[in-house]
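K.L.:
Here the sequence shown is numbered in our numbering, starting from 539 and rising by one per residue.
Ideal Cβ positions, reconstructed from N, Cα and C, are used throughout, including at glycine.
Keep in mind it's a predicted model, so treat the numbers as computed, not measured.
Handing you this structure, nothing more for now.
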Amino acid sequence: MADIVRFGISLENELLANFDTLIKRRRYSNRSEAIRDLIRQELLKKDLEEYRDVAGAITFIYDHHQRNLLNKIIDVQHDCQDIIQSSQHIHLDHHNCLEIVAVKGNSRKVSKLSDMLKALKGVKHSSLSMSSAGRIK
Ligand code: NI
């Protein structure tokens, strides 16, 4: 486990009260864990701005009856195999498929892949979730 450093924070009563309300709602067990997550979030934001490596998932829903869509989805993924770790396909109902693509690599490439999939006609919903590629403790 990493060395732990304790430090004090000074802030206004009202700000602390608002923070405590927020972290209670988000079910943090203590302020330290909430503050650690805020710091990690800011470090991740910096990684994204600097186009560093990230790990994440692209999740999208599409109509598999849409002409040629499946082939286009496969073509796009073959062109980006350097950042794709795996993908999972789930048949949601008669029309709709859900696909989850696990990615790891440069944040700019990951965003580009997500944008390309989202822009395909017949893709109804898409979301990209990016996280640190393990660099942030
Ligand atoms: Ni399917």
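Within 10 angstroms of its Cβ, does glycine 643 collect 16 or more other Cβ (buried), or is it exposed?
P.N.:
When all chains shown are included, glycine 643 counts as buried.
K.L.:
For threonine 597, I'd like the list of residues in its chain whose CB is within less than 6 Å of its CB, leaving aside the five on either flank, ordered along the chain.
P.N.:
Ile638 and Ser665
K.L.:
Is DSSP giving phenylalanine 557 helix, strand or coil here?
P.N.:
helix
K.L.:
Express the C-alpha separation of glutamate 550 and lysine 650 in angstroms, rounding to a whole number.
P.N.:
42 Å
K.L.:
Check whether the stretch 655–671 touches the stretch 578–594, counting contact only when three or more Cβ pairs, one atom from each stretch, lie closer than 8 Å.
P.N.:
yes
K.L.:
Decide if the stretch 566–579 is in contact with the stretch 619–634; the criterion is three or more beta carbon pairs, one per stretch, under 8 Å apart.
P.N.:
no
K.L.:
Is it buried or exposed, aspartate 653, if we count other Cβ atoms within 10 angstroms and call 16 or more buried?
P.N.:
exposed
K.L.:
In the DSSP assignment, the beta strand (DSSP E) including alanine 572 goes from what residue to what residue?
P.N.:
No beta strand (DSSP E) holds alanine 572; the alpha helix (DSSP H) holding it covers 569–587.
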